[in-house]
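In what follows, a single structure is set out as structure tokens and then discussed.
Residue numbers (the numbering used here): 15 to 174.
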């Protein structure tokens with residue numbers, strides 16, 4: 015059986031007895047894009063009649079499935095609300111720049127970097143700031159990853 019079939023079977027089992035609440039943990043991990051879409055459709059349909067609590071680190075799952083979300087870090091609730099409200103909370107404050115690996119340390123010292131990922135072998139940093147951080151930064155549309163990283167960062171003692 016495929017991973018998607020196993021996930022759907024698990025959901026079917028959980029519906030026996032007509033529960034009012036279902037908790038799913040990492041439901042799309044390891045699924046190919048087609049299976050992930052089928053699973054999104056299934057959970058969305060189930061969510062019309064049943065409360066579905068989704069535990070995941072896959073931000074796309076939250077974006078696709080959730081009307082409400084929470085960010086919990088070390089057992090503390092840091093954010094609860096609609097994903098769109100979370101995005102609005104940092105709208106206009108996320109700045110992006112492609113840099114060299116050698117520049118990363120200097121940018122880390124100078125800016126509040128909330129994420130750093132390699133794109134085509136070059137670091138692309140996202141900085142949270144009320145005004146442009148300077149040369150070469152472009153304003154970026156916020157993502158739920160930006161919300162997650164900025165929320166966690168604000169809760170750590172170094173940035174609190």
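Where is the CB? At the ideal position from N, CA and C, for every residue including glycine.
Reduced DSSP category for residue i - H, G, I as helix; E, B as strand; rest coil
| i | result |
| --- | --- |
| residue 174 | Confidence at residue 174 is low in this model, with a pLDDT of 47, below 50, so the placement of that residue should be treated as unreliable; the coordinate-derived value is given next. Reduced to three states, the DSSP call for residue 174 is coil. |
| residue 59 | helix |
| residue 121 | helix |
| residue 5 | Residue 5 is absent from the structure shown; the chain starts at 15 and stops at 174. |
| residue 145 | coil |
| residue 72 | coil |
| residue 45 | coil |
| residue 110 | strand |
| residue 104 | helix |
| residue 127 | strand |
| residue 29 | coil |
| residue 40 | coil |
Distance CB(residue i)-CB(residue j) smaller than 8 Å
| i | j | result |
| --- | --- | --- |
| residue 100 | residue 158 | yes |
| residue 87 | residue 168 | no |
| residue 139 | residue 111 | yes |
| residue 33 | residue 57 | no |
| residue 16 | residue 59 | no |
| residue 35 | residue 54 | no |
| residue 45 | residue 21 | yes |
| residue 165 | residue 93 | yes |
| residue 141 | residue 151 | yes |
| residue 95 | residue 82 | yes |
Residue(s) in a DSSP beta bridge with residue i
| i | result |
| --- | --- |
| residue 84 | 94 |
| residue 132 | 137 |
| residue 65 | 35 |
| residue 21 | According to DSSP, which records beta bridges pairwise, residue 21 is partnered with nothing at all. |
| residue 153 | 109 |
Test: residue i CB closer than 8 Å to a CB of chain B
| i | result |
| --- | --- |
| residue 49 | This model lacks chain B altogether; it includes just one protein chain. |
Handout entry: the stretch 68–80 in contact with the stretch 103–114 per 3-pair CB rule at 8 Å
Key = no
Practice task
Decide if the stretch 124–132 is in contact with the stretch 61–71; the criterion is three or more beta carbon pairs, one per stretch, under 8 Å apart.
Solution key: Contact between the stretch 124–132 and the stretch 61–71 is absent: fewer than three C-beta pairs spanning the two stretches fall below 8 Å.
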